[in-house]
Structures are given as C-alpha cells and as structure tokens.
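Participant: Protein chains in written order, with this note's numbering: chain W, 1 to 192; chain U, 1001 to 1227. Sending over a structure as structure tokens; questions will come in a sec.
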Amino acid sequence: MKSLILIIVSSALINNVVLNQFLGICSFLGVSKQMKASASLGGAVIFVITIASAVASLLYNFVLAPLGMDFMKTIVFILVIAALVQIVEMFLKKKSPGVYKALGIYLPLITTNCAVLGVALTNVQNGYNFIESVLSGFGTAVGFTLAIVLLASIRTRINEEDIPAPLRGAPIVLISAALMSIAFMGFGGLSF
Amino acid sequence: MKKYLERLYNGIVKENPTLILLLGMCPTLAVSTRAMNGIGMGLSTTAVLICSNLVISLLRKTIPDEVRLPAYIVIVASLVTVTELLIEAYLPALYKELGIYIPLIVVNCIILGRAEAYANKHTPVLSVMDGLGMGIGFTLALTVAGAIREILGNGTVFGAQLLPKGVDPIGIFVQPPGAFLVIAFIIAVMNALGIKTRQRNLVEDGCDGRCASCTAVCDKVKGGDAK
C-alpha cells in the first residue's frame, strides 16, 4: 500500500512530468494561455494517460514480453495510443456528449503529447505491474494538470504586468515555468 | 547544386528548427544538460530525420493521402527503434545518459513536421538535404544550449574544466529549472537582437503550423475557442 501511494506522489510531484521530465511541453506552453482550456486539457490528459498506461501495461506484460518482442514496444505503444485516442473520442461522442463537448477538441492534441508515450515507456523501464502502471499513469497526469493549471493562473497575472519587450511572449512564460520547477524541486525532500 | 546548398542553409540558419521555429522543445530542454549529450541527441535525431525524409519522399506517391499520418508514424517509429538498438549496442554510455528520450524521438515535432511540410512534396535527394540541414541546425542548437548549461552549472564544457577551480558553478543550471531559464534567455536575446522567432505560435496556439500532427488539431482548438 505504502509503495503504491509513493508511486502516485513521486510521479505527480517529485518527478513532475512537465517541470522535471520535460514531456508535453508543447501543450503546456500553448494551452496554458487560458485557464478554462487548461483545466479541460488536464481532464482529458488524466483520462487518456490512465487508460493508455493500463492498455500499454497489459500489452507489454502479456503479449510483447512473453513473445520476446519487447524491442517493438515503441512502435506498438504509439499506434495503440493513437488508436485509443480515436476510440475514446468516438465513444465519448456517442455515449456522453457533455463530456465530449468539454474534452473533445483536446483529445487529438494528446496523441502527439509525448507525455503519454513517455509514461508508457517509463512504466516498462521501471518494471511496473498492471496496478503500479495505472497508478503511475494517473499520478503523472495529475501532475501535468497541476502544472498546467498553475501556469495558466500565473499567466493571467503576467498579462497585466509591464514586461521588458525582449522578454514578452515565450521567454517570460519559460521563466515562470523555471520558477515553478524550482518550487517543485522542493518536493524532492518528500519521504515516507 | 545551389538548391541543395540552399536546403542546408535553410535548416541551419534561416529556419533553424529549435531557435527560429521553436520545434522539438521537449528534447531541447531535457538533454541539454551537457554539450556532449546535445551532440548525441542531435546526431541521433539527424540520422532518423534523414532516413525518414528519404523513405517518405520515395513513398510519397504510394501512400494514400488519408492515411499518411499513421503511415509516417509507423515509418518514423521503425527508424527510431533501429537507431535505439544501434545506440544501445555501440554507444552504451550515451544510451544510459539519454534514456527514455531516445524512443521519444518518435514524437519529436521536427520529424513529422518535415515529412508533412517538405518530404512528401519533394524529390528524395532534396528531402535528404533538407533532413541533413534541419538535423545539423537542431544539433547545433542543442549543443550550444548544452554548452551554456554545462559552463554555468558545472564549470566545464565537453568535460574540460573551463571556470577556475575557485569559482563555484551555479548548480541550478544543470537541474531542470536551468533548462527553462537558458532557453528563455536565448529567445530573449534573439528578440533583443531583432531576430524573428515563431514564439507566438508556441505560446499562443501550443502548436506550430509546420507540425503535421498538430495542424488539424489547431484548427479544431481555434474553432472551439471561437464558439
């Protein structure tokens, strides 16, 4: 039990996917312009990464590894993720239009989000079993959501400030991300 | 001959993928902890980029338009797997250092972006030159960022001691926050010098028009915002 909690805390805070591993930077910097969009993307990411880690873990442990084809994992995972996002999109569109409306447009954006593939590969590298993989995927996605929502709120403040011309745009956003990253380094001291 | 050299100039200077187009931010931030890592990552990506441009250009009339993106992804993923296995076999130290970022070359925007923006419309030789130019541009940018971080954070460059022994290096620069800071200030310096970067696309849309897989999504996201 303790080790499972540790996996969530470590993937959400200590090894934050954006601020420490630099995965999913594109959507982190781009979508954080708007608070509402950030929260929706975060929701979609939690949904997709959790399912993707579960499916990738099952595929790896029960198909690829027994067949001795683990070198195929990158190709298999990227295709599975792309297909999965499509299926989730179609399913949501049909079964729950409300959720689809809120998350739908962000779902395709997630296929190219390297965080999804990154989590699947990290889980394999760490030798996680099914439950550990799902929890690590969930934790990572929560970490992503936390980071993007925090950055979005910082950016709403930045917009009202007078920033030196060369720093406007990407530089000030990256500097904000750097400061957040320093703050998150503090979680490195967490231990149970 | 001139148009081949023009491709190289375009990739290294005019449309440098990292510094001007701001593509492939994930590997740029992640592996620029040392100049040597920058070169390793840059050259691995270059190898994949040249091969993927070549293969996609050769198949450009065979691949049906509707399924081109999945087809490109499979081609790129296969090439990345081959590259990963080669690095693991011949350069184990680099393999350990770059770790998960080697398989993640698959989702590097530069590769799919060049496939969509260039290789599927041009001849194989031109596409290879384009891949070479873009790859060198990416490698140079990564190496420069890596060298800056290594000097500031470790006092060395390519492992050679640069700062005098008495000077304490600023450790934060080889830690994750240093990556954000160094890239931020590189873009700021370019802004101050009046060099145009496409940073607006990066921080406003989250995706660049040149990134194949993003284009359709960007339209959707923009359309969604407008509602």
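A virtual CB, placed ideally from N, CA and C, is assigned to each residue, including glycine.
1. Between which two residues does the alpha helix (DSSP H) harbouring W/GLN86 extend?
2. What's the gap between the Cα of U/ILE1056 and the Cα of U/PRO1070?
3. If we cut at 7 Å on Cβ distances, does W/PRO166 have a partner in chain U?
4. Taking the alpha-carbon positions, what's the W/GLY98 to U/TYR1004 distance?
5. Taking a contact to mean a Cβ-Cβ separation below 7 Å, would you say W/ILE62 touches W/LEU117 in this structure?
6. Shortest alpha-carbon distance to W/THR140 belongs to which of W/LYS2, W/MET1 and W/ILE46?
7. In chain U, what lies closer than 8 Å to W/GLN86 by C-beta?
8. May I have the straight-line CA-CA distance separating W/GLY126 from U/ALA1160, to the nearest angstrom?
9. Once the 5 residues before and after U/PHE1173 are set aside, which same chain residues still bring their CB inside 6 Å of it?
10. Given that U/LEU1085 touches chain W, what residues does it touch there, using C-beta distances under 8 Å?
11. Taking buried to mean at least 16 other C-beta atoms within 10 Å of its own C-beta, is U/GLY1206 buried or exposed?
12. Per the contact definition of three or more C-beta pairs closer than 8 Å, is the segment 1094-1104 of chain U in contact with the segment 169-177 of chain W?
13. Helix, strand or coil: which one does DSSP assign to U/GLY1206?
14. Distance cutoff 7 Å, beta carbons only. Does W/PRO150 sit that close to anything in chain U?
15. Would you kindly report the start and end of the unbroken alpha helix (DSSP H) that includes U/TYR1095?
16. DSSP state of U/VAL1157, grouped into three classes?
17. Around the Cβ of U/ASP1089, are there at least 16 other Cβ atoms within 10 angstroms (buried) or fewer (exposed)?
18. Assign W/ILE163 to one of three DSSP states: helix, strand, or coil.
19. Look at the alpha carbon of U/LYS1196 and the alpha carbon of W/SER176, and state the distance between them as a whole number of angstroms.
20. How many angstroms separate the CA atom of W/THR156 from the CA atom of W/VAL149?
21. Would DSSP call W/GLN125 helix, strand or coil?
22. Does chain U have any CB closer than 7 Å to the CB of W/LEU121?
23. Would you please state the rounded distance, in angstroms, between the beta carbons of W/PHE184 and W/LEU29? I believe it to be under 8 Å.
24. List, from N- to C-terminal side, the alpha helix (DSSP H) runs of 4 residues or more that fit wholly inside the segment 1041-1105 of chain U.
25. Quick one: which unbroken alpha helix (DSSP H) runs of 4-plus residues sit fully inside the segment 1106-1163 of chain U? Chain order, please.
Facilitator: So, from the data block:
1. Unbroken alpha helix (DSSP H) run through W/GLN86: 73-95.
2. Between U/ILE1056 and U/PRO1070, the C-alpha separation is close to 12 Å.
3. Yes, W/PRO166 counts as interfacial toward chain U.
4. W/GLY98 and U/TYR1004: Cα-Cα distance of roughly 52 Å.
5. For the record, residue 62 of chain W in the displayed sequence is Phe; it is not Ile. With contacts defined by Cβ atoms closer than 7 Å, W/PHE62 and W/LEU117 do not form a contacting pair.
6. It is W/ILE46 whose Cα lies nearest to the Cα of W/THR140.
7. Per Cβ cutoff of 8 Å: no residues; W/GLN86 is ~10 Å from chain U at best.
8. Note on residue identity: the sequence assigns Asn, not Gly, to residue 126 of chain W. CA-CA distance, W/ASN126 to U/ALA1160, rounds to 33 Å.
9. Closer than 6 Å at the Cβ level, and outside the excluded window around U/PHE1173, lie ARG1149, LEU1152 and GLY1153.
10. Listed along the chain, the chain W residues whose CB falls inside 8 Å of the CB of U/LEU1085 are PHE71.
11. Model confidence at U/GLY1206 stands at a pLDDT of 49, short of 50, so the residue's coordinates are unreliable; what they give is reported in the following sentence. Buried: at least 16 other Cβ atoms inside 10 Å.
12. No, they do not touch.
13. Bear in mind that the predicted position of U/GLY1206 carries a pLDDT of just 49, short of 50, making it unreliable; the figure below should be weighed with that in mind. Residue state for U/GLY1206 is assigned as coil, using DSSP reduced to three classes.
14. The sequence shown places Leu at residue 150 of chain W, not Pro. W/LEU150 is outside the set of residues whose beta carbon lies under 7 Å from a beta carbon in chain U.
15. From DSSP, the alpha helix (DSSP H) with U/TYR1095 extends over 1092-1098.
16. Strand.
17. Sequence check: residue 1089 of chain U is Ala here, not Asp. U/ALA1089 counts as exposed, since fewer than 16 other C-beta atoms from the protein chains shown sit within 10 angstroms of its C-beta.
18. Looking at W/ILE163 - three-state DSSP - the assignment turns out to be coil, as it is neither helix nor strand.
19. Looking at the two C-alpha atoms, the distance is approximately 22 Å.
20. Each residue's Cα considered, the two are about 11 Å apart.
21. Correct three-state label for W/GLN125: helix.
22. It does; some Cβ of chain U falls within 7 Å.
23. Not really, about 16 Å apart at Cβ, beyond 8 Å.
24. Those alpha helix (DSSP H) runs which fall completely within the segment 1041-1105 of chain U and span 4+ residues are 1068-1090 and 1092-1098.
25. If we require 4 residues or more, the alpha helix (DSSP H) runs fully inside the segment 1106-1163 of chain U come out as 1109-1114 and 1124-1154.
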